[in-house]
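Protein chains in written order, with UniProt numbering: chain A, 1 to 327; chain B, 1 to 327. Built from N, CA and C at the ideal position, the CB exists for glycine as well. Heads up, the thing below is written out as structure tokens.
There are 2 protein chains.
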Amino acid sequence: MRLATLNDGSLDGRLIIVASDGARAAHAPAPWTTLIGALQQWATAEPALRAAAAALDAGEGGFAFDPAACAAPLPRAPQWLDASAFLNHGRLMESAFGTPPIPDFDTVPVMYQGASDDFLGPHQDVPLPSEAHGIDFEGEFGVIVDAVPMGATPAQALAAVRLVVQLNDWSLRALGQHEVRTGFGFLQAKPSTAFAPIAVTPEALGPAWQAGRLNLRLHVQWNGERFGEPSASEMNFDFGQLIAHAARTRRLSAGTIVGSGTVSNAERGAGSACIAERRMIEKLAHGEIRSGFMRFGDRVRLQACHADGRPGPFGAIDQRVVAAGAP
Amino acid sequence: MRLATLNDGSLDGRLIIVASDGARAAHAPAPWTTLIGALQQWATAEPALRAAAAALDAGEGGFAFDPAACAAPLPRAPQWLDASAFLNHGRLMESAFGTPPIPDFDTVPVMYQGASDDFLGPHQDVPLPSEAHGIDFEGEFGVIVDAVPMGATPAQALAAVRLVVQLNDWSLRALGQHEVRTGFGFLQAKPSTAFAPIAVTPEALGPAWQAGRLNLRLHVQWNGERFGEPSASEMNFDFGQLIAHAARTRRLSAGTIVGSGTVSNAERGAGSACIAERRMIEKLAHGEIRSGFMRFGDRVRLQACHADGRPGPFGAIDQRVVAAGAP
């Protein structure tokens, strides 16, 4: 099942069901008018939503699906917790920031808490205050969970995954370097995160979802040029482990989103899903950084694809960076 | 004006108005049934709430105010951002964690993003998984803001303060030490934060609210014994500066809460508002740590008071730590 949210001006938007062909959609039946509402009562909502999805796939009703009319699947969420589960990315970022090695990095997940009140839709402009902040994209995947009790095991946590999403964890590198050194973690370095339009139930991913990991490549284009297509299968912790890490000393409300961190492969030919990583690879390969960060007007496009190049089910993130207006 | 929220089993609770004497309360008039709803339309809500507060103070209607029936004023909030604005506390914590000095600590606020989906009320038990995690309280103050645009100045940010609150930022020190070293900030080290029952508009604080700082002492008792009464007036950044720091690269939704960090005074006779700080003071004074952290069954009581000992308007936080049930 594929779900999306139309931006209707409200804080939670209007839940829609997207057909399996990705071309048509239908409003979710009442009372499931928002995704957060459905997640809070998933046992009741899921059968109703699946029945509506089956009717849509059978050709009943619906309208043309317009990704540009979409908000993030959850325009706001109870929590947004983003890991750094691709160790190759983490090691390159340590070099980029010049910070000491993260302790226990290969055995204990690292994760920061992000703002979850103001997510961006897949085609929304990204307003930022300054090009000098080191504007960077971070192509990632994530999961939306049902309520998770404090102390859940990785297996219990994985069973709470309701939807899988694709996202862009916008980052300001010049601010992140300072914030990592404070030990308090990212805050100014992490403006609003953006999401691909379609959230997908795990079973609808078929073999692309295995043991809490995605077997998809994230195709990244910066201003229309190929930037990389790293595979998500190299994730060093699975989503069950990440969710359990988040829930060790707290319960997670239904609708909490847990992210993978930037998709990254040790094999250099796969390219990267963020600029900071490419810059470090340039430095290692050529002794100098050759790429700058993003400028106002730049675009980034992120689209998950199967190994054979067929597009994945999430739709694309395609955003432009713009100068924020004065308050 | 003083506002509180009854725990009625819903996610946002039921907004009530508390009389100036703190003894009686009344349900807020429709449609202002929740504090978050009122904050999202404050220009319309505030006059209606003030009229109801005036009627209550004039003796019309109402019921006995019961702090034990209260949730946090906002049981959940769009964002929860906690600073470390008492430099005396920060310096002691650097010693406690054995971490390098925070860069630019006296000129740039440090702040972490906390979970905001599951706050505790003033008398709710605090379920935690293990005494070995170094269970500690952190007595603080905070502000609840209206919508703040990205890039707001400290003066603009301070003008967006709608309510002032008193809180306990529960901390697990054994986990925090690791998380500070990762650079990703606190996550497992910060279980649900608790709030005193009454949120107070700035003007109702009179001279206790000056230039974005509180002039109150936070009286702290651990298991009924005096622990300290540090003054909040020593805050090294004012709340306008803290809010502006948070809003530098993002907008803040109405209802966002910004915290001061642990109240702490350079004058040792004031005692402390967290155990970790007392432990470091013991080590500096005696060459050894004498205090342990909290045990299951322990209680902490936090109550803001004026310099002359009169209680402040927030009511008390009085909580017991308990072992979390298996999931």
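Quiz item: Terminal residues of the continuous beta strand (DSSP E) containing E225(B)?
Solution: That run of the beta strand (DSSP E) goes E225 to G228.
Quiz item: How far does the beta strand (DSSP E) with P127(A) in it reach, from first residue to last?
Solution: First-last of the beta strand (DSSP E) with P127(A): V126 to L128.
Quiz prompt | Cβ of D117(B) within 7 Å of any chain A Cβ | solution = So yes, D117(B) belongs to the interface.
Quiz prompt | Selected residue, minimal CA-CA separation from H89(A), among G261(A), R290(A) and S291(A) | solution = If we check each option's Cα against that of H89(A), G261(A) comes out closest.
Quiz item: Based on the DSSP secondary-structure assignment, which residues constitute the bridge partners of S10(A)?
Solution: Looking at the DSSP assignment, S10(A) forms no beta bridge with any residue, so it has no partner.
Quiz item: Is L35(B) near L15(B), with beta carbons less than 7 Å apart?
Solution: Cβ distance < 7 Å, so L35(B) and L15(B) count as in contact.
Quiz item: What does M294(B) pair with, by DSSP beta-bridge criteria?
Solution: The partner list for M294(B) (beta bridge, DSSP) is empty, contrary to what the question assumes.
Quiz prompt | V145(B): contacting residues in chain A (beta-carbon distance under 7 Å) | solution = Chain A residues near V145(B): none, gap ~12 Å exceeds 7 Å.
Exercise. Run down chain B in chain order and give the residues with a C-beta less than 7 Å from the C-beta of S192(A).
Key: Simply R250.
Quiz item: Apart from the five residues just before and just after W272(B), which ones in its own chain have a Cβ nearer than 6 Å to its Cβ?
Solution: Going by the sequence as given, residue 272(B) is Ser instead of Trp. Here the set comprises G228 and R278.
Self-check item: N88(A): first and last residue of the uninterrupted alpha helix (DSSP H) it sits in
Solution: Its alpha helix (DSSP H) spans residues L87 to F97.
Practice problem: Return the chain-ordered list of same chain residues with a C-beta closer than 8 Å to the C-beta of E94(A), the five sequence neighbours on each side being excluded. | Solution: Cβ neighbours of E94(A) within its own chain (closer than 8 Å, five residues either side excluded): P100, P101 and I102.
Practice problem: Let me know if G224(A) comes out buried or exposed under the rule of 16 or more other beta-carbons within 10 Å of its beta-carbon. | Solution: Label assigned to G224(A): exposed.
Quiz item: How would you list, in chain order, the residues of chain A whose beta-carbon sits under 9 Å from the beta-carbon of I102(B)?
Solution: Result: R181, T182, G183 and F184.
Quiz prompt | D318(B): first and last residue of the uninterrupted beta strand (DSSP E) it sits in | solution = Looking at the DSSP string, the run of the beta strand (DSSP E) that includes D318(B) is I317 to A323.
Quiz item: Nearest to S291(A) by alpha carbon, out of V300(A), E203(A), I281(A) and R299(A)?
Solution: Of V300(A), E203(A), I281(A) and R299(A), the smallest CA-CA separation from S291(A) is found for I281(A).
Practice problem: Please classify V322(A): is it buried, with 16 or more other beta-carbons within 10 angstroms of its beta-carbon, or exposed? | Solution: Its Cβ having fewer than 16 others within 10 Å, V322(A) is exposed.
Quiz item: the stretch 256-290 of chain B: which residues have C-beta closer than 8 Å to a C-beta of chain A, in chain order?
Solution: If you check each beta-carbon in the stretch 256-290 of chain B against every beta-carbon of chain A, the ones closer than 8 Å belong to T256.
Quiz item: What does a CB cutoff of less than 7 Å around A159(B) pick up in its chain, not counting 5 residues either side in sequence?
Solution: Excluding sequence neighbours, A159(B) sits near nothing in its chain.
Quiz prompt | P191(B) and R250(A) closer than 7 Å at C-beta | solution = Using a Cβ distance threshold of 7 Å, P191(B) and R250(A) count as a contacting pair.
Practice problem: Would you decide whether G269(A) is buried or exposed? Buried here means 16 or more other CB atoms lie within 10 Å of its CB. | Solution: G269(A) should be labelled exposed.
Quiz item: At what residue ranges does the stretch 107-143 of chain A contain a whole run of the beta strand (DSSP E), taking only runs of 3 or more?
Solution: Segments of the beta strand (DSSP E) lying fully in the stretch 107-143 of chain A: 111-114 and 126-128.
Quiz prompt | Distance, N168(A) Cα to R299(A) Cα | solution = Roughly 12 Å separates the two Cα atoms.
Quiz prompt | Continuous alpha helix (DSSP H) stretch holding A155(A): start and end | solution = Start and end: P154 to A159.
Practice problem: Give the DSSP bridge partners of T5(A), in chain order. | Solution: According to DSSP, which records beta bridges pairwise, T5(A) is partnered with L15(A).
Practice problem: Would you give the residue range spanned by the alpha helix (DSSP H) that V180(A) belongs to? | Solution: V180(A) -> alpha helix (DSSP H) spans R173 to T182.
Practice problem: Write down the C-beta distance between G151(B) and A247(B) rounded to the nearest angstrom, noting that I regard them as a contact closer than 8 Å. | Solution: A Cβ-Cβ separation of about 7 Å places G151(B) in contact with A247(B) under the 8 Å criterion.
Quiz item: When you compare only the Cα positions, how much space is there between P149(A) and Q41(A)?
Solution: Pairing P149(A) with Q41(A), the inter-Cα distance amounts to about 16 Å.
Practice problem: Run the CB neighbour count on A326(A), radius 10 Å, all protein chains shown included, and call it buried at 16 or more, exposed below. | Solution: Unreliable placement is indicated for A326(A), whose pLDDT of 47 sits below 50; no coordinate value is reported for it.
Quiz item: Residues in its own chain within less than 8 Å of G61(B) by CB, not counting five upstream and five downstream?
Solution: Hits under 8 Å: A26 and A55.
Quiz item: Is DSSP giving W209(B) helix, strand or coil here?
Solution: Reduced to three states, the DSSP call for W209(B) is strand.
Self-check item: Coil, strand or helix - Q40(B) by DSSP
Solution: The answer is helix: DSSP assigns Q40(B) an H, G or I state.
Quiz item: Given a threshold of 16 other Cβ atoms within 10 Å of its Cβ, counted over all protein chains shown, does H286(B) qualify as buried or as exposed?
Solution: That one is exposed.
Quiz prompt | Pairwise C-alpha distance: V165(B) and Q241(B) | solution = Distance from the CA atom of Q241(B) to the CA atom of V165(B), rounded to whole angstroms, is 17 Å.
Quiz item: By a C-beta neighbour count over all protein chains shown, 10 Å radius and 16 as the cutoff for buried, is A132(A) buried or exposed?
Solution: A132(A) counts as exposed, since fewer than 16 other beta carbons sit within 10 angstroms of its beta carbon.
Quiz item: Going by DSSP, which residues form a beta bridge with A26(B)?
Solution: A26(B) pairs with I17(B).
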